[in-house]
Amino acid sequence: MIPARDIVAALYGAYRLARFDVSGHSYFDVSVTGFWRSFFAAVLIAPFYLLILHFRFAEFPDVPVFRFFALETIAYVVAWIAFPLFMASLVREIKAEDKYIPYIVAYNWSAVWQNALFLPIELFAITGVLPSGAAGLLGLFALAAIIAYVWFITRTALNISGAAAAGIVGVDFLISVVIHTISVKVM
Numbered sequence: 001m002i003p004a005r006d007i008v009a010a011l012y013g014a015y016r017l018a019r020f021d022v023s024g025h026s027y028f029d030v031s032v033t034g035f036w037r038s039f040f041a042a043v044l045i046a047p048f049y050l051l052i053l054h055f056r057f058a059e060f061p062d063v064p065v066f067r068f069f070a071l072e073t074i075a076y077v078v079a080w081i082a083f084p085l086f087m088a089s090l091v092r093e094i095k096a097e098d099k100y101i102p103y104i105v106a107y108n109w110s111a112v113w114q115n116a117l118f119l120p121i122e123l124f125a126i127t128g129v130l131p132s133g134a135a136g137l138l139g140l141f142a143l144a145a146i147i148a149y150v151w152f153i154t155r156t157a158l159n160i161s162g163a164a165a166a167g168i169v170g171v172d173f174l175i176s177v178v179i180h181t182i183s184v185k186v187m
């Protein structure tokens, strides 16, 4: 189990990065152990993601409940693994192998704040608390903020140009869209 103080430090570091403060990187454990522990962020997010799935299930009335949750769980796990695997190859190409662990650690912990921003909007949209137009607009603003956040983390952790960081963020977004599309298609 990860000590609570390590979780708090990592979340604080991710928060600092969300404020575009490069010193946020100093709050992460960037050891190999810290790398593996950063995937605990997926565990922190999972209950909220399951809540969204509970409401989203209504969109698939002909899909058995087990199939729906099994496919969504697989997609969730694949989403957490696919981008780090892609980056493991890319860092070799851009000669940044030594920056891989610090980058993935920051990237993983930042997902908690990304989801803290986006999941409530999605929940309010699904439940009808927000009109679809307002939810769409808020979702678009949240997506723009998240893209800027991940771009900043990518640029500063890998010490690369803004354009290169934008390319990596674009690939990350594409991977997410492909995983989501496949999970919906196989329902």
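To convert, note that position 104 of the sequence shown is 104 in the numbering used here; the numbers rise steadily by one, no gaps.
Built from N, CA and C at the ideal position, the CB exists for glycine as well.
On a predicted model such as this, the values are computed, not experimentally measured, just so you know.
- Min CB distance residue 41 to chain D below 8 Å: Of the protein chains in the structure, only one exists, and it is not chain D.
- Which residues bound the alpha helix (DSSP H) around residue 188? With the chain covering only 1 through 187, there is no way to say anything about residue 188.
- Quick one: what does DSSP say residue 57 is sitting in, helix, strand or coil? helix
- Evaluate residue 61 with the Cβ neighbour count: other Cβ atoms within 10 Å of its Cβ, from every protein chain shown; 16 or more gives buried, anything less gives exposed. exposed
- When the Cα atoms are used, what is the spatial distance from residue 109 to residue 39? 8 Å
- Task: Measuring alpha carbon to alpha carbon, tell me which of 172, 55, 179, 154 ends up nearest residue 17.
- Result: 154
- Message: Looking at residue 187: is its Cβ nearer than 8 Å to the Cβ of residue 68?
- Response: yes
- Are the Cβ atoms of residue 45 and residue 115 separated by less than 8 Å? yes
- Item | Residue burial classification, residue 29 (beta-carbon count within 10 angstroms, cutoff 16) | buried
- Find the nearest neighbour of residue 138 within the set 117, 36, 75, judged by alpha-carbon distance. 117
- Item | N-terminal and C-terminal residue of the alpha helix (DSSP H) that residue 19 is part of | No alpha helix (DSSP H) holds residue 19; DSSP gives it neither H nor E.
- Query: Is it right to say residue 92 is buried, meaning 16 or more other beta carbons lie within 10 angstroms of its own, or is it exposed?
  - Reply: exposed
- Task: Please name the residue, chosen from 151, 100, 15, that lies closest to residue 36 on a Cα-to-Cα basis.
- Result: 100
- Task: Taking 8 Å as the cut-off, decide whether the C-beta atoms of residue 125 and residue 132 are in contact.
- Result: yes
- Candidates 63, 104, 57: which alpha carbon is nearest residue 80's? 104
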